[in-house]
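Some notes on the structure that comes next.
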Amino acid sequence: MEKLAKLDSNTLDKLSKVNKDELEKLAKLPSETLNKLSKVNKDELEKLAKLDSETLNKLSKVNKDELEKLAKLDSNTLDKLSKVNKDELEKLAKLPSETLNKLSK
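Here the sequence shown is numbered in my numbering, starting from 85 and rising by one per residue.
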């Protein structure tokens, strides 16, 4: 929780929508990954928080802008990402938003 406390107030405010278990999951992420979440809006952060720990850890390889892009995908598509390994996820994250949206269909 100490890591979460170091986040800016804007990001902390976004976390208010996240439940206790999801918050615990997020708290286990590296500080670097938590800082990337600052670019993601409240609803998208809520979606990401629902992902399993393994998928959240895979997102640590993705940069801030790519994470923002992935966060905009619907929950169903985000769930599918859990089946993708870290390197493949990194490759997918580099795709334009338009292409990522096609993958959701």
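Glycine included, C-beta positions come from ideal geometry on N, C-alpha and C. If you're wondering where the values come from, they're calculated on a predicted model, not measured in any experiment.
Rounded C-alpha distance that separates residue i from residue j
i, j, result
"L154", "N125", "12 Å"
"E116", "T183", "27 Å"
"K178", "L151", "10 Å"
Residue i vs residue j beta-carbon contact at 8 Å
i, j, result
"K234", "L118", "Past the edges of the chain, shown from 85 to 189, lies residue 234, and the structure says nothing about it."
"V146", "E106", "no"
"T139", "S122", "no"
"D90", "K120", "It should be noted that the sequence gives Lys, not Asp, for residue 90. Cβ distance not < 8 Å, so K90 and K120 don't count as in contact."
"D136", "S166", "yes"
"S144", "L113", "yes"
"K134", "K170", "no"
Supposed contact pair residue j and residue i - C-beta distance, whole angstroms, cut 8 Å
i, j, result
"S188", "D158", "6 Å"
"L129", "L162", "Not a contact, Cβ separation roughly 12 Å."
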